[in-house]
Amino acid sequence: AQTVTQSQPEMSVQEAETVTLSCTYDTSENNYYLFWYKQPPSRQMILVIRQEAYKQQNATENRFSVNFQKAAKSFSLKISDSQLGDTAMYFCAFMTTDSWGKLQFGAGTQVVVTP
Amino acid sequence: SAVISQKPSRDICQRGTSLTIQCQVDSQVTMMFWYRQQPGQSLTLIATANQGSEATYESGFVIDKFPISRPNLTFSTLTVSNMSPEDSSIYLCSVEDGYSSSYNEQFFGPGTRLTVL
Numbered sequence: 065a066q067t068v069t070q071s072q073p074e075m076s077v078q079e080a081e082t083v084t085l086s087c088t089y090d091t092s093e094n095n096y097y098l099f100w101y102k103q104p105p106s107r108q109m110i111l112v113i114r115q116e117a118y119k120q121q122n123a124t125e126n127r128f129s130v131n132f133q134k135a136a137k138s139f140s141l142k143i144s145d146s147q148l149g150d151t152a153m154y155f156c157a158f159m160t161t162d163s164w165g166k167l168q169f170g171a172g173t174q175v176v177v178t179p
Numbered sequence: 017s018a019v020i021s022q023k024p025s026r027d028i029c030q031r032g033t034s035l036t037i038q039c040q041v042d043s044q045v046t047m048m049f050w051y052r053q054q055p056g057q058s059l060t061l062i063a064t065a066n067q068g069s070e071a072t073y074e075s076g077f078v079i080d081k082f083p084i085s086r087p088n089l090t091f092s093t094l095t096v097s098n099m100s101p102e103d104s105s106i107y108l109c110s111v112e113d114g115y116s117s118s119y120n121e122q123f124f125g126p127g128t129r130l131t132v133l
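Going line by line, the protein sequences match chains B and F.
The numbering of the first sequence is the working numbering, which starts it at 65 and goes up by one.
The numbering of the second sequence is the working numbering, which starts it at 17 and goes up by one.
Here you go:
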């Protein structure tokens, strides 16, 4: 069974600053995907970024980037130039390639961006 | 990308009653999923809704409590049966859009906020 751990319940960051969210996971699988989802107060789940485990290059998506350390089973998210609209709950999620759509989520990290 | 709608968006129900939540997708999708998000918690997968066959339930969830229908490739329902206050949660429909995406991507509906009194 896979587990996803997010050890930071809440993070606060000022506008334009950078914040890094941590995520670790445990699996015996070799082929899998990792995701960061954002859930603003509207509760709509929005995909922020995804990483295929077989890719060594870290994924980036505009101001969002990940640091994927496969050996350490670590998958952190960096939000650069934080904006007020980034205020949301951020969930790390894991999915094996033979279980499409079956996401295992971490507990979430509440990010608050302050002016 | 797939656009998903859910009905109702929220409801307040009495214990012992049942509520059926609808999930409609604007395109045909192979796989649909139902998640539960209890207050202040993360998302937990309830089941996979398969078109033309019975739903596949995750550990801790049973068909009698959460019957699911999937009559076609764009629609699914989740029923929360014989509700108790512990069923108060947000229920989210999710689809894996393998038809239109260059790579499979997971989309979520806006959720149904259920409160059981």
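For every residue, glycine included, the Cβ atom is placed at its ideal position computed from N, Cα and C.
- Query: How many whole angstroms separate the CB atoms of Gln38 of chain F and Gln54 of chain F, which I take to be in contact at a CB cut-off of 8 angstroms?
  - Reply: Rounded, the Cβ-Cβ distance is 21 angstroms, inconsistent with contact.
- Give a single yes or no on whether Pro105 of chain B has its beta carbon closer than 7 angstroms to a heavy atom of the ligand ZN. Because no ligand of any kind appears in the structure shown, any question about the ligand ZN cannot be addressed here.
- Message: Using beta carbons (cut-off 8 angstroms, strictly below), is Lys119 of chain B in contact with chain F?
- Response: At a cut-off of 8 angstroms between beta carbons, Lys119 of chain B makes no contact with chain F.
- Message: Beta carbons nearer than 7 angstroms to chain F: which residues of the region 88 to 115 of chain B have them?
- Response: Arg107, Gln108, Met109 and Leu111
- What residues in the region 141 to 171 of chain B bring their beta carbon closer than 7 angstroms to a beta carbon of chain F? Phe155, Trp164, Gly165, Lys166, Leu167, Phe169, Gly170 and Ala171
- Mark Glu112 of chain F as exposed unless 16 or more other C-beta atoms lie within 10 angstroms of its C-beta, in which case mark it buried. Around the beta carbon of Glu112 of chain F, 16 or more other beta carbons lie within 10 angstroms, which makes this residue buried.
- Cβ of Glu121 of chain F within 8 angstroms of any chain B Cβ: yes
- Task: Could you spell out where the beta strand (DSSP E) holding Thr91 of chain B opens and where it closes?
- Result: Unbroken run through Thr91 of chain B: none, as it is neither H nor E.
- Message: Would you call the region 110 to 119 of chain B in contact with the region 47 to 63 of chain F, where contact means no fewer than 3 C-beta pairs closer than 8 angstroms?
- Response: no
- Determine, using beta carbons only, whether Gly76 of chain F comes closer than 8 angstroms to chain B. Gly76 of chain F does not count as touching chain B.
- Three or more C-beta pairs closer than 8 angstroms, one from the region 77 to 92 of chain B and one from the region 141 to 151 of chain B: is that the case here? yes
- Message: Count Cβ pairs between the region 96 to 103 of chain B and the region 124 to 142 of chain B that sit closer than 8 angstroms; are there 3 or more?
- Response: yes
- Query: How is Leu35 of chain F classed by DSSP in three states: helix, strand or coil?
  - Reply: In the structure shown, Leu35 of chain F sits in a strand (DSSP, three-state: E or B).
- Message: If you reduce the DSSP assignment to three classes, tell me which class Pro83 of chain F lands in.
- Response: coil
- Residue environment, Val45 of chain F, which counts as buried when at least 16 other CB atoms sit within 10 Å: buried
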